[in-house]
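For our numbering, count along the sequence shown from 1 and bump the result up by 278.
Below: one structure, written as structure tokens.
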Amino acid sequence: MRRRSPQPDAGQSAAFTSGPPANKPARATPRGSGRASRYDAAQTTGENKNHWSAADSLSPNAANSPLVRHRLRTRARYECENNGYAGGLVRGRAEATVGVCPRLQLTLPETYSANDADFQRTVDVRLDADEARRLARAVEAKWNEWADATGLADKLRLMDKSETREGEVFAAAFTNPRLDPAGVQLDLKPIEADQCATPDLDPTDRDAVDGIRFDQHGNPVEYHFLKRHPGDSLSWAAHWEYDRYPAARVFHLYDPDRCGQARGVSALTAGLPLYAILRRYTLASLGAAELAAMIAGVIENPNAPIGDGDDDAPEFEAMDAVPFARNALLTLAGGQTAKAFKSEQPSPSYREFKGEVLTEAGRGVGAARNTATGSSAEYNFSSGRLDKLPEQQGYRIRRDRWRRLLLDRLFRMWLAEAVLIPGYLPANLPAPAAFKWKWRWDGFGSIDPVKDATAHEIMMRSGETTLEHVAGERGEDWEEVIEQQAREMRMRLKHGLPANPAQPTAAPATPKPAPDAEPAEEGPARD
Numbered sequence: 279m280r281r282r283s284p285q286p287d288a289g290q291s292a293a294f295t296s297g298p299p300a301n302k303p304a305r306a307t308p309r310g311s312g313r314a315s316r317y318d319a320a321q322t323t324g325e326n327k328n329h330w331s332a333a334d335s336l337s338p339n340a341a342n343s344p345l346v347r348h349r350l351r352t353r354a355r356y357e358c359e360n361n362g363y364a365g366g367l368v369r370g371r372a373e374a375t376v377g378v379c380p381r382l383q384l385t386l387p388e389t390y391s392a393n394d395a396d397f398q399r400t401v402d403v404r405l406d407a408d409e410a411r412r413l414a415r416a417v418e419a420k421w422n423e424w425a426d427a428t429g430l431a432d433k434l435r436l437m438d439k440s441e442t443r444e445g446e447v448f449a450a451a452f453t454n455p456r457l458d459p460a461g462v463q464l465d466l467k468p469i470e471a472d473q474c475a476t477p478d479l480d481p482t483d484r485d486a487v488d489g490i491r492f493d494q495h496g497n498p499v500e501y502h503f504l505k506r507h508p509g510d511s512l513s514w515a516a517h518w519e520y521d522r523y524p525a526a527r528v529f530h531l532y533d534p535d536r537c538g539q540a541r542g543v544s545a546l547t548a549g550l551p552l553y554a555i556l557r558r559y560t561l562a563s564l565g566a567a568e569l570a571a572m573i574a575g576v577i578e579n580p581n582a583p584i585g586d587g588d589d590d591a592p593e594f595e596a597m598d599a600v601p602f603a604r605n606a607l608l609t610l611a612g613g614q615t616a617k618a619f620k621s622e623q624p625s626p627s628y629r630e631f632k633g634e635v636l637t638e639a640g641r642g643v644g645a646a647r648n649t650a651t652g653s654s655a656e657y658n659f660s661s662g663r664l665d666k667l668p669e670q671q672g673y674r675i676r677r678d679r680w681r682r683l684l685l686d687r688l689f690r691m692w693l694a695e696a697v698l699i700p701g702y703l704p705a706n707l708p709a710p711a712a713f714k715w716k717w718r719w720d721g722f723g724s725i726d727p728v729k730d731a732t733a734h735e736i737m738m739r740s741g742e743t744t745l746e747h748v749a750g751e752r753g754e755d756w757e758e759v760i761e762q763q764a765r766e767m768r769m770r771l772k773h774g775l776p777a778n779p780a781q782p783t784a785a786p787a788t789p790k791p792a793p794d795a796e797p798a799e800e801g802p803a804r805d
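In structure tokens form, the structure reads like this:
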């Protein structure tokens, strides 16, 4: 009689219920099985084990180790320097994101509180709209003057290219004595990611990664920058020397892909192998085409090898080169035929293959197909318009990140120094904490200006949008647009033109004769 095994208690550990019976040997669990095996991607088979062999479970900072980041940076730079598609993609992204330069649009409150030092009290100050706008424009003019003096636009575009190509870029705020001593001497120094490093980093320090130290909440408190670029010829002399910068004076721009990621990797990482494949394929196609172009044709003798058994036949060995005169007739021995060498390169699928590879390589940076390939020849009008919409949305998100991480902080630094300079900013300004501002970026070019203008007109009439929004999409200040329209209207009226340019100019009126005027005498009729 077989004895039934006793049932485990409800509180008994699962370890006593999940194992095999004592009198039965345990079966080895096949590799790749388990609860996750119901997903095809979670199974490991003989067919896919090589494909997934490089998958790991490293943390974001361990996966992006200094060696890995260095290798990706150097390869991305090499590809951009030797591949026009990769280099053009990086440059085009910077020009589309930064544009000419983001412009400051400042708004001051019409009522604010100010301290009266004479009577030790706080008084309310009221400004009319025109005065508030005048003061705001004065501050904007000072900012634009400083931005031109420091070359801010060029630095922003340089930093954008570095961030895309190398994955991250740094900038340090410093005092530049070469700037006007009567103005703001704040300046911005872009720094490549190679110089952000800690040579004596303790690997057991949990609050630090290579080049950055954090507090207990994960906020950067200190950055380390090598005194010399590690690629300089004399960098060995100062290899261990670095400067410590407080985080309040450092700008770090990168786009993390994982939680807790402290350093960035190149946005071209996924496309680098594809660009390499494309270059090899292009060179192979070119080599085959050059070889075919150098060989005019071949001579065949299906009856006997050339030069064997016939004393009168030309003694040609196999693979011999036969001189051939241009624009001449060709005579051959009996049984011989001449055929032109058939060139099969580039193949008919070369253009299609090249376009698919470039499209896939450009997806890593969110580029549309015609942006990645640099050609819209295969597009129709609607496809070109539709393909640009997600790309432009990516630029808007990118601009907002630049605003938060760099521009807003930089303007606050500039304003904190500007208010301390006597007479630099106009009087009667409210406290900087009351300032409100936006950044006006270059607008995206319209693919169909007529349809866009019609849509804006309908939406403005129905109240679904405003002039500020429409002008902002084009990178313009709506108040400046209205003021310019008013100036043009006054000028047109001054010269006798209709106030509205769309209104047709009226024909000059014919003067009417006076009531008591005598009728004009008619002259003699002419044949």
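Even for Gly, the Cβ is constructed at its ideal location relative to N, Cα and C.
query                                                                                                   : result
Through-space distance from Arg381 to Val748, alpha-carbon basis                                        : 16 Å
Cβ contact (3+ pairs, closer than 8 Å) linking the segment 412-432 and the segment 703-718              : yes
Helix, strand or coil at Val447 [DSSP, three-state]                                                     : strand
Cβ pair Gly640, Ala650 closer than 8 Å                                                                  : yes
Inter-stretch contact (C-beta, 8 Å, three-pair minimum) for the segment 428-435 and the segment 476-486 : no
Integer Cβ distance of Lys439 from Ala696, believed to fall under 8 Å                                   : Not a contact, Cβ separation roughly 29 Å.
Short Cβ contact (8 Å threshold) for Ala471 with Asp488                                                 : no
Inter-residue spacing [alpha-carbon to alpha-carbon] between Leu775 and Ile760                          : 19 Å
Residues near Leu384 by beta carbon distance below 6 Å, same chain, minus five either side              : Ala414, Val417, Glu418 and Trp715
Pick from Trp680, Thr744 and Gly723 that is closest to Val447, judged by C-alpha positions              : Trp680
From Ala571, Asp720 and Val378, residue whose alpha carbon lies closest to that of Glu754               : Asp720
Cα-Cα separation between Cys358 and Glu441, rounded to whole angstroms                                  : 13 Å
Close Cβ partners of Gly310 (< 6 Å) along its chain, the five nearest in sequence each way excluded     : Reliability of the predicted coordinates at Gly310 is poor, the pLDDT of 49 falling under 50, and the value obtained from them is presented with this limitation in mind. Counting only Cβ-Cβ distances below 6 Å, and skipping sequence neighbours, we find Gln321 and Thr322.
C-alpha distance - Trp756 paired with Trp717, whole-angstrom precision                                  : 13 Å
Three-state secondary structure assigned by DSSP to Asp465                                              : strand
Buried/exposed call for Gln473, threshold 16 Cβ in 10 Å                                                 : buried
For Pro524, the residue or residues it bridges with in DSSP                                             : Glu500
Cβ neighbour criterion (16 or more within 10 Å) applied to His329                                       : exposed
Cβ neighbour criterion (16 or more within 10 Å) applied to Arg690                                       : exposed
Where Arg641 falls: helix, strand or coil (DSSP)                                                        : helix
8 Å Cβ shell around Leu771 - same chain, five flanking residues per side excluded                       : Ala777
Beta-carbon spacing of Ala364, Leu546 below 8 Å                                                         : yes
Reduced DSSP category for Ala314 - H, G, I as helix; E, B as strand; rest coil                          : Reliability fails at Ala314, whose pLDDT of 49 lies under 50, so the model's placement of it is uncertain and no value is given.
Bounding residues of the beta strand (DSSP E) (the contiguous stretch that carries Phe492)              : Ile490 to Phe492
Identified DSSP bridge partners for Phe689                                                              : Partner(s): none; Phe689 has no beta bridge.
Phe529 vs Arg687 beta-carbon contact at 8 Å                                                             : yes
Secondary structure of Phe254, DSSP reduced to three states                                             : Given a span of 279 to 805 for the chain in the structure shown, any question on residue 254 remains unanswerable.
From Gly509, Asn454 and Ala319, residue whose alpha carbon lies closest to that of Trp424               : Asn454
Under the three-state DSSP convention, the category Phe397 falls into                                   : For Phe397, the predicted model reports a pLDDT of 46, less than 50, meaning its position is unreliable and no value from the coordinates is stated.
For Glu669 and Glu638, the rounded distance between their alpha carbons                                 : 14 Å
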